Structures are given as C-alpha cells and as structure tokens.
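Residue numbers (the UniProt record's numbering): 20 to 480. Every residue, glycine too, gets a C-beta built ideally from N, C-alpha and C. Source: prediction; values computed, not measured.
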Ligand code: ARG
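Put into structure tokens, the structure is as follows:
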C-alpha cells in the first residue's frame, strides 16, 4: 500500500474492511502540527546521536517546514490510503525530502510513543483554552455579585425556602466550584508535562537518543521514567476527561438554576435576548436554550469519560490498538467545552435579576425560624429546646396563614417566657443576614471579604 508504515512481512495489502476500521486520519489529523513538531525534535536527537549528518538535518528540517506550511494551507491533506496522521505525514515528508532522507526519520521512534506524546501536547494546549473559558465564567459571576451586593434571596435546601442569603453569596458559590476546576487543570498539567517520546514501541530506543532533549523542545518538563508506562498509560487523558466532565457538571448546576429562575413562577431572572431562543410555533416563547444545552452537554462529557475508562479497564501492558479509541472522547470533551463556555459566560454576564422579587421572597416560608432558635441560644436556652420553641412559632404562624413576624409579642410570650419582644431583632432579612458574619457566612461584610479572597485566588490562576 502506498505510504503504509508496515508491509514488509505481508504477502498482500489489508482488506478494505480492515483499512476502513483501522483508519484514524478523520480524527487524528488535528494532531498534524504536533506530529511535525515532534519530528523536528526527533530529527535533532538523531543528529546529536550521529545518525543524521549536518546536511541531512538541514534537509530534514527544511522538508518538515515545507510540509508544515502545506498542512497549514491545506495544500497537503491525508490521502484515502493513509492509515493515520503519522503515516500520512511520513508520506508527505518523503515526497518533499526524497526516500533516502525522508526514510531515516522513523528510526528510534514508534507511533506508540508518538501518539501518546502528541495527545498530551494537544490536551495541554486545550486545557489552557478551557481554563480561560472557565475563568471568564468566574468573572461573569464575580461581576454580577459585585453589582448586586446587598440583595437578598431565598436560600434553599431541598429546593424549599431554608434561610435568606445574599444573591452574591449564592453566585459566588458557583464561582468557587469553577475556580477549583481551573486549579484542577493547573494541577493536572504537572502530570501531563511529562513526555513519552523516546519510549519507542514499549521498550525504549537502542539508538542513543536523548528523550529529555525531545521533551524540552516540545515544552514538557521532563521525559517519562518508564517506557512501558509512557506508551501504555492514558490516566492523564482520563484525568483531563474527568475535569472536563466536572466542569460540565458545574455548568449544568448553574444552568439548571437559571432555567428554574427564568420560569414565570420564579421570575427571578430575565435572559438577555442575545442568549435566548424563540419557538417556531409559539410566538411568545423565550427559551433558555443555552442553559439547557449546558445541562445536556454535561451528560455528553460524562459519557466521554466513562467511555474512555471502559476502553482502558481491561488492557494489558503495553500498547494495544484499543488505545486508538482514546482520542475521540478527549477531543470531543475539549470541543464541547470550547463551544459551551463562551455561551454560558455570556448568558451569565447578561442576566438581569429581578432583585425586588428575590429580596421580598427571601424571608418568606418561615426562613427566619433558625434565627429565632439561634437567638434563643444566645439567651442561654439549650438548642434542643430552642429548636422546639421556634418550631412552635412556625406551627402557630402556619396555622394562621401568616409569617413569623406577623405573630404578636403576646403570641411569642405564650410560647415561652424566653421569647421576649427582642426576638424581633432577628425577625428580618437584614437581621438574619447580618448575624452570619463569620468567615464563609452570608453577611455582607463576610461576602465582601469572600470576594476579595476569591479574587486573590483568581489572580493566581
Ligand atoms: N493510530 C494509533 C493510535 O491512535 C497509533 C498507531 C499505533 N499502531 C500500532 N499498530 N502500534 O493509537
């Protein structure tokens, strides 16, 4: 077969069905630039090892430059007969450098160590793009938090009114989760910054090539210490995929809230027209499709991760062709997040909050009952009893169809002598919020400190 990387020991070419199954150029061609970068570095270590002379190195590098330019311009593309990106680029190199020189580059390397390295290079670059997209989402949340500092909303557990919180506090909860995702990508990069190049097929190279020189030229911190590990492991891909899935899940949780908040019943937010869609039949519709696609794509990202893990689980060391299936899930994860993140950050940045409604609903649904109990604790009442007394007030108010602050001083005195009129100091959203001023709490002073702390972490990211 023209351009094939193997064939010497075979009497005939592969069956069409095998060739069709085996082929990966339709998804691995995006690694072409990394493959050529690897080839330049490999040519240099062949030269250092005395396997290419000065003229051969110069000829090889210039042929690789031509090939690179032709790949970028689209003048060179994989042929139908090319199995994978490596084989196709070797064909292109030989067309430019001639078989005598072009045929020398494959010495001391294997597609097994090449592909493991190129995948890491690709993912490291895309992890940076994704981290920037996540940070833009964090920025949008921070800006909305600063803009609405002081606005209260109903804090919920079990989706029921629980305690009032600041809208900023709620939004920043999402920001912290996303910031940790960025930190995860940064931490992941330490493990991804190790180059498998030089591992050969599995056992390393006998040609005296320096893996660390290749690693340094390709932007890695070092080369792998174990050639079997270098060619057979894909935990670095799986970890990338896990972080991508986690980002998807975090975006999905924000999105789910936005979908709920945008309902007529909630009416907490209005989506900007630029980030809403209409209906082909119902003229009045304004739909939160960005948020729904984020929720949907989280499922897809989880699928990418679980598919990859399932591919890896039964593989003996070292390389097995199953590993060709490692690329589509991680490419899909990167593609998905790169298209999703700008839409989600834009949707959040342009949200309008119905602050009056959020503020008015914040204390409702007996959301101040915990404040009564904690106020009683400050008066020396054991919490167990305080909880009962506050519960009795809720029961009384609920029976009358009123809120806690509608009960009279006599009502409170009737429940317990401890429930003096001073309890009213906490029977307001402001009183409730203001009392939660320790680090991590929802008092405005605590949220202002939180914002400063978050921004410090964002600056480090
Ligand atoms: N295309 C393969 C992959 O993506 C690399 C080639 C290794 N092939 C082989 N027969 N050893 O993993």
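(message) Could you check if residue 338 belongs to the surroundings of ligand 1, using beta carbon to heavy atom distance under 7 Å?
(response) Yes - ligand 1 has a heavy atom lying nearer than 7 Å to the Cβ of residue 338.
(message) Closer than 8 Å is the cut-off here; do at least three beta carbon pairs connect the region 383-399 with the region 306-319?
(response) The region 383-399 is not in contact with the region 306-319.
(request) Report yes or no: do the region 156-167 and the region 233-246 share at least 3 C-beta pairs separated by less than 8 Å? (result) The region 156-167 is not in contact with the region 233-246.
(request) Indicate whether the contact test is met: 3 or more Cβ pairs, each with one atom in the region 143-156 and one in the region 416-433, closer than 8 Å. (result) Judged by Cβ distances under 8 Å, the region 143-156 makes no contact with the region 416-433, as fewer than three pairs qualify.
(request) Select from 297, 417, 269 the residue whose C-alpha is nearest the C-alpha of residue 364. (result) Considering only alpha carbons, the answer is 269.
(message) Please tell me whether residue 386 and residue 181 are closer than 8 Å, where the distance is taken between their beta carbons.
(response) Using a Cβ distance threshold of 8 Å, residue 386 and residue 181 count as a contacting pair.
(message) Three or more C-beta pairs under 8 Å: does that hold for the region 401-409 against the region 463-479?
(response) They do not touch, by the three-pair rule.
(message) So, under 8 Å CB-CB, residue 121 and residue 112 are touching, yes? Tell me the CB distance rounded to an integer number of Å.
(response) Indeed they touch by this definition, with Cβ atoms about 4 Å apart.
(request) Measure the alpha-carbon distance for residue 332 versus residue 450 and round it to whole angstroms. (result) So the alpha carbons of these two residues sit roughly 55 Å apart.
(message) Between which residues of its own chain and residue 347 is the CB-CB distance below 6 Å, once the five residues before and five after are set aside?
(response) 46.
(request) Note the first and the last residue of the continuous alpha helix (DSSP H) segment covering residue 142. (result) It spans 130-166 - the alpha helix (DSSP H) in which residue 142 sits, taken as one unbroken run.
(message) Check for me: the beta strand (DSSP E) holding residue 180 runs from which residue to which?
(response) Where residue 180 is concerned, the enclosing beta strand (DSSP E) stretches over 179-185.
(request) Report all residues for which the CB-ligand distance to some heavy atom of ligand 1 is below 5 Å; order them along the chain. (result) The set of residues with CB atoms less than 5 Å from any heavy atom of ligand 1 reads, in chain order, 43, 103, 130, 134, 342, 343.
(request) Please go through the region 320-384 and give each complete alpha helix (DSSP H) segment of 4 or more residues, from N-terminal end onward. (result) Segments of the alpha helix (DSSP H) lying fully in the region 320-384: 346-368, 374-380.
(message) Which residue wins for smallest C-alpha separation from residue 447, given the options 383, 356, 126, 80?
(response) Selection 383, 356, 126, 80 evaluated against residue 447 yields 383 as nearest (Cα-Cα).
(request) For residue 172, count neighbouring Cβ atoms within 10 angstroms of its own Cβ and tell me buried if that reaches 16, exposed if not. (result) Buried: at least 16 other Cβ atoms inside 10 Å.
(message) For residue 267, report the span of its alpha helix (DSSP H) as first-last.
(response) Boundaries of the alpha helix (DSSP H) around residue 267: 254-280.
(request) Quick one: grab the DSSP three-state call for residue 396. (result) Assigned with DSSP and collapsed to three states, residue 396 falls in helix.
(message) Among the candidates 123, 73, 209, whose CA atom is the shortest distance from the CA of residue 140?
(response) Residue 209 is the option with its Cα nearest to residue 140.
(message) Below 8 Å on the Cβ atoms is my contact criterion, and I expect residue 226 with residue 127 to pass it. Report the Cβ-Cβ distance as a whole number of Å.
(response) About 4 Å separates the two Cβ atoms, so the contact holds.
(message) Distance check for residue 271 and residue 445, CA to CA, integer angstroms please.
(response) Going from the Cα of residue 445 to the Cα of residue 271 covers about 35 Å.
(request) Label residue 224 either buried or exposed according to how many other C-beta atoms from any shown protein chain fall within 10 Å of its C-beta, with 16 as the threshold for buried. (result) By the Cβ neighbour-count rule, residue 224 is buried, with 16 or more other Cβ atoms within 10 Å of its own.
(message) So for residue 175, helix, strand or coil by DSSP?
(response) In this structure, residue 175 counts as strand in the three-state DSSP scheme.
(message) According to DSSP, simplified to helix, strand and coil, what is residue 461?
(response) Coil, per DSSP.
(request) Could I get the ranges of all uninterrupted alpha helix (DSSP H) runs contained in the region 75-128, with 4 residues as the minimum, in chain order? (result) Those alpha helix (DSSP H) runs which fall completely within the region 75-128 and span 4+ residues are 104-116, 118-121.
(message) Please report the distance separating the alpha-carbon of residue 59 from that of residue 83.
(response) Cα to Cα, the separation comes out at about 7 Å.
(message) Check whether chain B comes within 8 Å of residue 24, counting only Cβ atoms and requiring the distance to be less than that.
(response) The structure shown has no chain B; it contains just one protein chain.
(request) In angstroms with no decimal places, state the Cα-to-Cα distance between residue 464 and residue 377. (result) The alpha-carbon atoms of residue 464 and residue 377 are separated by roughly 20 Å.
(request) Using 10 angstroms around the beta-carbon of residue 440, count the other beta-carbons present and answer buried if the total reaches 16, otherwise exposed. (result) Residue 440 is exposed by the Cβ-count criterion.
(request) Report the option in 36, 70, 77 whose CA atom is closest to the CA atom of residue 102. (result) Nearest C-alpha to residue 102: 36.
(request) May I ask you to report which of helix, strand or coil DSSP gives residue 196? (result) In the structure shown, the three-state DSSP call for residue 196 is helix.
(message) Extract the residue ranges of the alpha helix (DSSP H) inside the UniProt domain "Argininosuccinate lyase C-terminal" (385-452), only unbroken runs of 4 or more that lie entirely within it.
(response) Here the runs fully enclosed are 388-397, 402-419, 428-434.
(message) Please report the distance separating the alpha-carbon of residue 371 from that of residue 106.
(response) Distance between the alpha carbons of residue 371 and residue 106: 54 Å.
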